[in-house]
Every structure is written in C-alpha cells, then in structure tokens.
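The opening position of the sequence shown corresponds to residue -9 in the working numbering, with each subsequent residue numbered one higher.
Encoded as structure tokens, the structure appears first; notes follow it.
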Amino acid sequence: MFRLKLASCMAENTEELCQVLAVYLQSQLGVPTECVTDVPWQERERLFDQGEIQLLWLCGLPYVHKADLEQSRTELLVVPVPVGERYQGQPVYFSDVMVRRSSPFQCFLDLCGGSWAFNEPRSHSGFNVVRAYLAELGQRAGFFGEVIESGAHSASLEMVLSGRIDGAAIDSTVLEWIVAEREGIGRQIRVIETIGPSPIPPWVISKQVSLDLRCELRSILLDLALEQRGREILARARIARFIAAHDADYDPIRRMARKAERVMLA
C-alpha cells in the first residue's frame, strides 16, 4: 500500500508542523501518511531525491539546484506566508545579522575582520545571501577574519551568545521563533542589519507522485487557512497561510547564487 511520507529540511522548529500536518493530511486524503523525523535532515533530503520521501520543506537554494536539473523530479507545491507585519502578507523572509547586545558592532561593515558563523553551505539565509551581499559591497575575499560552520541556525546563535564568534546571519522566521520560545534571548542580542527579502523556503513534491495526488495535496494545503483546525495548525508554526508559487519566483535566489560564487567569506 502506498504511504505518503513528508519531512522538513528546515530548522528544528519546523518538525512539529510536519508531524501535525501528517495527521491532518491522512485524515483528508484517506492515505497512510507519516512524518519522517528519525534521521538527520541531510538523509531526509537524500530520501526525497530517491523518491522515498514525497513531500519536503526545504531551503530555496537546494530547491533551485533540484529544479534546474535537466530531468528534474522536483515540483513546487505551495509556499508559506509568515505571520508578521514585516512580511507584508508575502511569501518572503529575511536574513537577520545578529550580534551580542553588549558588543560594539553597529552595522554589518563593523564586522570586517571579525569572527562569523554560518549554518551550512547550502543554506540561502545563512550563507548564500551573505556572500551575495558581500559581492554587492565589492568584497570578494577576506572580509571576515575567522569563519566557522556551525551546523544550524540555533548553533550559530549559541556561538554568538557564548562570545565564541561575533556575528551570524539567521533566518528571520527561525530567530523570531527562538526569541518567542526562550525567555530573555531577545535581551541578549541585537539585529544590526537585515538582508532581504528573499523568496521563502518552499514545500516541494516529487514528480513520482501521481498528478491527481499532487493536485489534491496542493488544494488541501491552499485551503488550510479556511477552516478552524487548519488555522490552528498554521498558527503553531507562525504561518498565516499557504499560497501557490511558480518556479520563476525563485529567480532572485538564482541571481544571488551567481553573485555568491565569486565570494569567499574569509
């Protein structure tokens, strides 16, 4: 029997939504549905590429890499619209450059020669967009004195809080979630620059899934905000609604990736 599997390759705060969404989708589709959380996100992405996971929430940069393959098996399904005035009802997010509140840094350029953490090299918000931003500033190499790959946005934040590094760029939706969940964090950090907006990480689906099921899944997710249970699910993830998207919506990430190719952080 076919079993629909979904997963998130985003920050750890997205896993609760995936688990609740799996239960909801099963009730709507009448198809056994499960959320895969028992392997690292890198393995989840590999399983998606192999067709063993069919529905995935992932960063926009790996999305465009998959979509641009000659025989791509990845299709945009829907995109989330975050809750918050700064997003203006659009499917976008930002990269917030943050430092310790007690640090002397007042803007991004103040970090020249300092220490920097990024989550991982296939991240748009933590890595790709920063290199593209440096390209726009005319910087090609050596801007930071030290650069560390932290492995996750939350790990970058912890390194800033501990004083191990000076700054990091963090997905704005992740930072907002952490500040809301962890009392006192907001008083320990400052956002000194905001890069963006960028197209938000999308939900994608394998083209190995039948066209009928893809259409049905898209319809269910687009209508999620129209009923009480759906709004409750979305609210827990700080999402206003899902909307339709087109591949061309991610052209800004493609352009930034081309700029970023010419830049080394240190």
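Note that the Cβ used here is the ideal one computed from N, Cα and C, for glycine as well.
### Query
Can you list, in chain order, the residues of its chain whose CB lies under 7 Å from that of glutamine 258, leaving out five sequence neighbours each side?
The chain is shown only over -9 to 256; residue 258 falls outside these bounds and no answer can be derived.
### Task
May I ask which residues mark the beginning and end of the beta strand (DSSP E) holding tyrosine 53?
No beta strand (DSSP E) contains tyrosine 53, which is instead part of the alpha helix (DSSP H) from 50 to 57.
### Query
What alpha helix (DSSP H) runs, 4 residues minimum, are completely inside the region 124 to 157?
If we require 4 residues or more, the alpha helix (DSSP H) runs fully inside the region 124 to 157 come out as 143 to 152.
### Message
Using 8 Å as the threshold, is the C-beta distance between glutamate 65 and lysine 249 below it?
### Response
Cβ atoms of glutamate 65 and lysine 249: not closer than 8 Å.
### Message
Below 7 Å, is the gap between the Cβ of alanine 142 and the nearest heavy atom of the ligand MG?
### Response
For the ligand MG, the structure offers nothing, since it holds no ligand at all.
### Message
Could you tell me the alpha carbon to alpha carbon distance between arginine 121 and leucine 255, rounded to whole angstroms?
### Response
In this structure, the CA atom of arginine 121 is about 7 Å from the CA atom of leucine 255.
#### Entry: Rounded separation between aspartate 58 and isoleucine 243 - CA only
Whole-angstrom Cα-Cα distance: 12 Å.
### Task
Say whether the region 14 to 24 touches the region 70 to 83, bearing in mind that this needs 3 or more beta-carbon pairs closer than 8 Å, one atom from each stretch.
The region 14 to 24, when compared against the region 70 to 83, does not touch it at the 8 Å Cβ threshold.
#### Entry: CB-CB length for proline 191 against leucine 7, believed under 8 Å
Actually they are not in contact, since the Cβ atoms of proline 191 and leucine 7 sit about 12 Å apart, beyond 8 Å.
### Message
If we define contact as Cβ-Cβ less than 8 Å, is glutamate 24 a contact residue for chain C?
### Response
The chain inventory of the structure shown lacks chain C, comprising one protein chain alone.
### Message
Which same chain residues end up closer than 8 Å to glutamine 44 when comparing Cβ atoms and leaving out the 5 residues on each side of it in sequence?
### Response
So the list reads Leu(-6), Lys(-5), Leu(-4), Phe38, Ile195, Ser196, Gln198 and Val199, once near-sequence residues are dropped.
### Message
Taking the straight line between their C-alpha atoms, what separation do you get for alanine 247 and leucine 216?
### Response
If you take the alpha carbons of alanine 247 and leucine 216, they lie about 36 Å apart.
### Task
On the DSSP bridge assignment, give the partners of lysine 197 in chain order.
Looking at the DSSP assignment, lysine 197 forms no beta bridge with any residue, so it has no partner.
### Task
Report the three-state DSSP secondary structure of leucine 45 (helix, strand or coil).
Leucine 45 falls in the strand class under three-state DSSP.
### Proximity winner among Phe232, Pro22, Asp156 and Ile223, relative to cysteine 97 (alpha-carbon distances)
Comparing alpha-carbon positions, the option among Phe232, Pro22, Asp156 and Ile223 lying closest to cysteine 97 turns out to be Asp156.
### Message
Looking at the secondary structure, which residues open and close the alpha helix (DSSP H) in which alanine -3 lies?
### Response
For alanine -3, there is no enclosing alpha helix (DSSP H); the residue is found in the beta strand (DSSP E) stretching over -6 to -2.
### Query
Considering threonine 163, what are the terminal residues of the alpha helix (DSSP H) in which it resides?
That run of the alpha helix (DSSP H) goes 162 to 171.
### Task
Pull up the DSSP beta-bridge partners for alanine 159, would you.
Note: alanine 159 sits in a beta bridge opposite Val87.
### Message
Can you give me the C-alpha to C-alpha distance between aspartate 161 and leucine 207, rounded to a whole angstrom?
### Response
Answer to the nearest angstrom: the Cα atoms are 27 Å apart.
### Message
Which residues does DSSP list as the beta-bridge partners of cysteine 25?
### Response
According to DSSP, cysteine 25 bridges with Leu(-4).
### Task
Apply the 10 Å Cβ neighbour rule to histidine 236 and answer buried if 16 or more other Cβ atoms are within range, or exposed otherwise.
Exposed, because fewer than 16 other Cβ atoms sit within 10 Å of the Cβ of histidine 236.
### Message
Rounded to the nearest angstrom, what separates isoleucine 182 and leucine 99 at their Cα positions?
### Response
Isoleucine 182 and leucine 99 have their C-alpha atoms spaced approximately 10 Å apart.
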